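Structure record follows, encoded as structure tokens.
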Amino acid sequence: MASSLDQIEQFIANQDLRYRRNDEDEYIQLGFTTENYIDQDGDHNLLIIIRLEEDGNFLKVFTPS
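Residue 13 in numbering that gives the first Met the number 0 sits at position 14 of the sequence shown, with consecutive numbering throughout.
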């Protein structure tokens, strides 16, 4: 069963997580403050991208950089 970005957004919103949806490129971006992880800019942040591929049949979750 294929998923939609609307469904993924609803799951995230129900968890009271901060996110941003990009409809142009069709992904959802989540950001978290971290205690131990430090990004390449020296910030304690982790960026997570959620994207659906192949007409919603595959969920791709990744952290850029």
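All C-beta atoms in this analysis are idealised placements derived from N, C-alpha and C, irrespective of residue type, glycine included. Quick caveat: nothing in here was measured; it's all calculated off a predicted structure.
Residue nearest to residue i in terms of C-alpha spacing, selected from the options
i: Ile49; options: Gln6, Thr32, Ala1, Leu58; result: Leu58
i: Asp22; options: Glu8, Thr32, Gln14, Glu34; result: Glu8
i: Gln39; options: Gly55, Asn13, Thr62, Arg20; result: Thr62
i: Thr33; options: Ser2, Ala12, Leu46; result: Leu46
For residue i, three-class secondary structure by DSSP
i: Gln14; result: coil
i: Glu52; result: strand
i: Gln28; result: strand
i: Ile37; result: coil
Exposed unless 16 or more other CB atoms sit within 10 angstroms - verdict on residue i
i: Leu51; result: buried
i: Ile27; result: buried
Alpha-carbon to alpha-carbon, residue j and residue i
i: Phe31; j: Tyr18; result: 10 Å
i: Val60; j: Asp42; result: 21 Å
i: Ile68; j: Leu29; result: Outside the modelled stretch of the chain, which goes from 0 to 64, sits residue 68, for which no answer is possible.
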